[in-house]
Amino acid sequence: MTPASFSPTHFRWAFADGVATITLDRPDKKNPLTFESYAELRDTFRTLVVTPEVRSVVIAGAGGNFCSGGDVHEIIGPLTKMAMPELLAFTRMTGDLVRAMRACPQPIIAAVDGVCAGAGAILAMASDLRLATHDARTAFLFTRVGLAGADMGACAILPRLIGHGRAADLLFSGRAMSAAEGLAWGFFSRVVDTEMLGHEADQLARTIAHGPAFAHAMTKRQLDMEWAVSIDTALEMEAQAQAICMATGDFGRAYDAFAAKQTPEFKGD
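Structural data, given as structure tokens:
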């Protein structure tokens, strides 16, 4: 994939200054997902593994909402008529989207406004950083449609972001978490005015993109890998990871720039 020429079918894509921006663009329905958009998002994040020109990613929604989840008529309805093998193929495919988001080396920033529900809440959860407007309402509403809160990794990832008890509250009730709650609980790192959301997300993405790409990818990988290991194992993993980073050109350039009282230029090598 060439970032500047990539032209997806089911969402908008923009690329500039190392930042790829994915915009879910069905504002009349609050940007729901379809079978096809799930798959195209999954394939896009998989491709980012071999697209070093992209150094950070912003995912947002058009028209004042982030994403309302799976389209009621294009996904939910058909699912009620599927046999178990088809259902399992679908749920594994949606899980693969989260795998692809976590496996791509680029940090992902979710810019959340308005409705962020169901699979939309999962997209935000699976991102590395989350910014919100004061109007953001995030709901893991699976139980409200007769499904388990255990969807697309929610029972594994959400407790690690906000704690077991708070995750249980949201996953059992399906209620909406306000932006203020999300900020206080650590789900959101920042809450901004609506008109500033795009700017703040882009500025954060550009700051990351201008940083040491290899080291950022290492940080993202270690954040995931160290969930289920002992402190001793984590210390050894981080010793090896940091030693590898110390052998990069970026580390040497950073020292030279510091010594010369200049700003380092990171090249990702």
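Just so it is clear: in the sequence shown, position 102 is 236 by our numbering, and no numbers are missing. All C-beta atoms in this analysis are idealised placements derived from N, C-alpha and C, irrespective of residue type, glycine included. On a predicted model such as this, the values are computed, not experimentally measured, just so you know.
message: Looking at the secondary structure, which residues open and close the alpha helix (DSSP H) in which L317 lies?
response: Locating residue 317 in the sequence shown gives position 183, counting from the first residue. Counting along the chain, the alpha helix (DSSP H) containing L317 begins and ends at A313 to W319.
task: Kindly give me the distance between the Cβ atoms of D262 and R176, rounded to whole angstroms, as I take these residues to be in contact under 8 Å.
output: Position 128 of the sequence shown, counting from 1, holds the residue named residue 262. Position 42 of the sequence shown, counting from 1, holds the residue named residue 176. That belief does not hold up - the Cβ atoms of D262 and R176 are roughly 17 Å apart, past 8 Å.
task: Please state if the CB of G195 and the CB of L158 are separated by a distance shorter than 9 Å.
output: Mapped onto the sequence shown, residue 158 falls at position 24. Mapped onto the sequence shown, residue 195 falls at position 61. Going by C-beta atoms, L158 is nearer than 9 Å to G195.
message: Three or more C-beta pairs under 8 Å: does that hold for the region 311-325 against the region 370-377?
response: no
field: Separation of I378 from T328, as counted between CA atoms
entry: The residue labelled residue 328 in the question sits at position 194 within the sequence shown. The residue labelled residue 378 in the question sits at position 244 within the sequence shown. Roughly 41 Å between the two C-alpha positions.
query: Cβ-heavy atom distance between R176 and the ligand FMN below 8 Å?
result: Absence of the ligand FMN from the depicted structure is noted, as is the absence of any ligand whatsoever, leaving it without description.
query: Counting pairs of Cβ atoms below 8 Å between the region 329-348 and the region 294-312, do you hit three or more?
result: no
Exposure label - G383; buried when at least 16 CB within 10 Å: On the sequence shown, position 249 is the one that residue 383 refers to. Answer is exposed; the Cβ neighbour count stays below 16.
- prompt: Taking the C-alpha atoms as reference points, what is the distance between G203 and N165?
  reply: Here residue 203 corresponds to residue number 69 of the sequence shown, with the count starting at 1. Here residue 165 corresponds to residue number 31 of the sequence shown, with the count starting at 1. Answer to the nearest angstrom: the Cα atoms are 8 Å apart.
message: For T267, count the other beta carbons within 10 Å of its own beta carbon; 16 or more makes it buried, fewer makes it exposed. Which is it?
response: Along the sequence shown, one-based indexing puts residue 267 at 133. Answer is buried; the Cβ neighbour count reaches 16.
Proximity to Q356 [Cα-Cα], best of H298, P239 and A284: Residue numbering aside, residue 356 sits at position 222 when the sequence shown is read from its first letter. Taking only the C-alpha atoms, the option nearest Q356 is P239.
task: Given a cut-off of 9 Å, decide if G402 and P346 are closer than it, judged by their beta-carbon atoms.
output: Along the sequence shown, read from residue 1 onward, the residue named residue 346 stands at position 212. Along the sequence shown, read from residue 1 onward, the residue named residue 402 stands at position 268. Cβ atoms of P346 and G402: closer than 9 Å.
message: Between the alpha carbons of M286 and F274, how many angstroms are there, rounded?
response: Here residue 286 refers to the residue found at position 152 when the sequence shown is read from its first residue. Here residue 274 refers to the residue found at position 140 when the sequence shown is read from its first residue. About 11 Å.
task: Measure the Cβ-Cβ separation of I243 and S190 and say whether it is below 9 Å.
output: Locating residue 243 in the sequence shown gives position 109, counting from the first residue. Locating residue 190 in the sequence shown gives position 56, counting from the first residue. For I243 and S190, yes; Cβs fall inside 9 Å.
- prompt: Nearest-angstrom Cα distance between G447 and R160?
  reply: An answer regarding residue 447 cannot be provided, because it is not within the stretch 135 to 403 covered by the chain.
Inter-residue Cα distance where the pair is C184 and E174: The count along the sequence shown starts at 1 and reaches residue 184 at position 50. The count along the sequence shown starts at 1 and reaches residue 174 at position 40. A small fix is needed here, since residue 184 is Val in this sequence, not Cys. So the two alpha carbons sit approximately 16 Å from each other.
field: Identified DSSP bridge partners for T155
entry: Within the sequence shown, residue 155 is the residue found at index 21, counting from 1. Paired residues: A148 and V192.
query: Going straight from the alpha carbon of T277 to that of C289, what length do you get?
result: The residue you call residue 277 lines up with position 143 of the sequence shown. The residue you call residue 289 lines up with position 155 of the sequence shown. Distance between the alpha carbons of T277 and C289 is about 13 Å.
- prompt: Between I193 and I156, is the Cβ-Cβ spacing less than 9 Å?
  reply: Working through the sequence shown from its first residue, we reach residue 193 at position 59. Working through the sequence shown from its first residue, we reach residue 156 at position 22. Closer than 9 Å, so yes.
Inter-residue Cα distance where the pair is F179 and N199: For this step, residue 179 is matched to residue 45 along the sequence shown. For this step, residue 199 is matched to residue 65 along the sequence shown. One C-alpha to the other measures close to 22 Å.
query: Alpha carbon to alpha carbon, what distance is there between T181 and G386?
result: On the sequence shown, position 252 is the one that residue 386 refers to. On the sequence shown, position 47 is the one that residue 181 refers to. C-alpha separation (whole angstroms): 29 Å.
Enclosing beta strand (DSSP E) for V249 [first to last residue]: Counting from one through the sequence shown, the residue named residue 249 turns up at place 115. Counting along the chain, the beta strand (DSSP E) containing V249 begins and ends at V249 to A251.
- request: Work out the CA separation of S323 and K354 for me, nearest whole Å.
  value: Position 220 of the sequence shown, counting from 1, holds the residue named residue 354. Position 189 of the sequence shown, counting from 1, holds the residue named residue 323. So the two alpha carbons sit approximately 16 Å from each other.
query: In whole angstroms, what is the alpha-carbon distance linking D303 and P137?
result: Counting from one through the sequence shown, the residue named residue 303 turns up at place 169. Counting from one through the sequence shown, the residue named residue 137 turns up at place 3. Whole-angstrom Cα-Cα distance: 40 Å.
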